[in-house]
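Numbering (UniProt numbering), first residue to last: 1 to 294.
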């Protein structure tokens, strides 16, 4: 087996199990979980960088305002996505969160068209159109747009767009993002504690250890994903990415008994049909179209 397949599978399964992890942290308010996650993620990444003696990139980057501005924007998008997901899990909206990650590839297609001026192929247009119908259906049935799903998909899509053009690798980029977020996290935690928010301090020992584990839990799957991306064809990675929201959806339905039927199922089915068109287009574009003769 290509070891990259194993790395990708592990990364996607870990992300797919996130509802179980964040449900176990319900003693701590979502905003506090987010701030501690930033702190512990930076601590773990600093250890990894030190063990690998991989700090040389930091000095030159600190002298590049445009790079710092870009990573500040991506850090804010990433933290927003993290908060939305943690909040959704705590509010018993795991199914809605999973829909957001199902939507992300289609959001990427739209962003590529609108921002990067990429020309969409016919199947991509069909995928976007069917997904839009699914969102409109869910809006009509519930009386409001699926805001949680849309915001999760949009923030993660924009984050991916910024990282696509970034000059740093996965480890260095995530380390810089957590460094930029660290002062915000510390100031916020000091303010929370001064206002009597002692969720972490008052939590059980098990919850405290789980919170500390957010560092490696955040970084390890990202490093696995980066390793897989170098070893596995992009089309394969594209197919495997649906493991994560599928596991999250199953957790929401089977573990936490969130409602999923009737009108909601139709809306999800539209998104899944759109993803089929998107995937078929990607596979055809990669493998199926006739090769030009040299």
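Where a beta carbon is used, it is the ideal one built from N, C-alpha and C, also for glycine.
Per the Cβ contact rule, the stretch 135 to 147 is not in contact with the stretch 195 to 210 (fewer than 3 Cβ pairs under 8 Å).
Listed in chain order, the non-local C-beta contacts of residue 200 below 7 Å within the same chain comprise 28, 32, 36, 208 and 211, local neighbours out to five positions each way being set aside. Comparing alpha carbon positions, the residue from 90, 111, 92 and 85 closest to residue 101 is 85. When secondary structure is reduced to three states using DSSP, residue 210 falls in the helix class. The residues 281 and 285, in chain order, have a CB closer than 8 Å to that of residue 121 in the same chain once the five nearest residues on each side in sequence are set aside. Going by DSSP, residue 3 is part of the alpha helix (DSSP H) stretching over 3 to 16. Around the beta carbon of residue 62, fewer than 16 other beta carbons lie within 10 angstroms, which makes this residue exposed. Take residue 272, set aside five residues on each side of it, and no residue of its chain has a beta-carbon closer than 6 Å to its own.
In the three-state scheme derived from DSSP, where H, G and I count as helix and E and B as strand, residue 63 is classed as coil. Looking at the backbone, the Cα of residue 83 and that of residue 30 are separated by about 7 Å. Per the C-alpha coordinates, the member of 26, 181 and 239 positioned closest to residue 277 is 239. In the same chain as residue 229, and ignoring 5 residues on each side of it, the C-beta atoms closer than 7 Å to its own belong to 237, in chain order. Contact between residue 77 and residue 178 does not hold, since the beta-carbon distance rounds to 14 Å and is not under 8 Å. Put simply, the stretch 49 to 56 does not touch the stretch 159 to 167. Fewer than three CB pairs are less than 8 Å apart.
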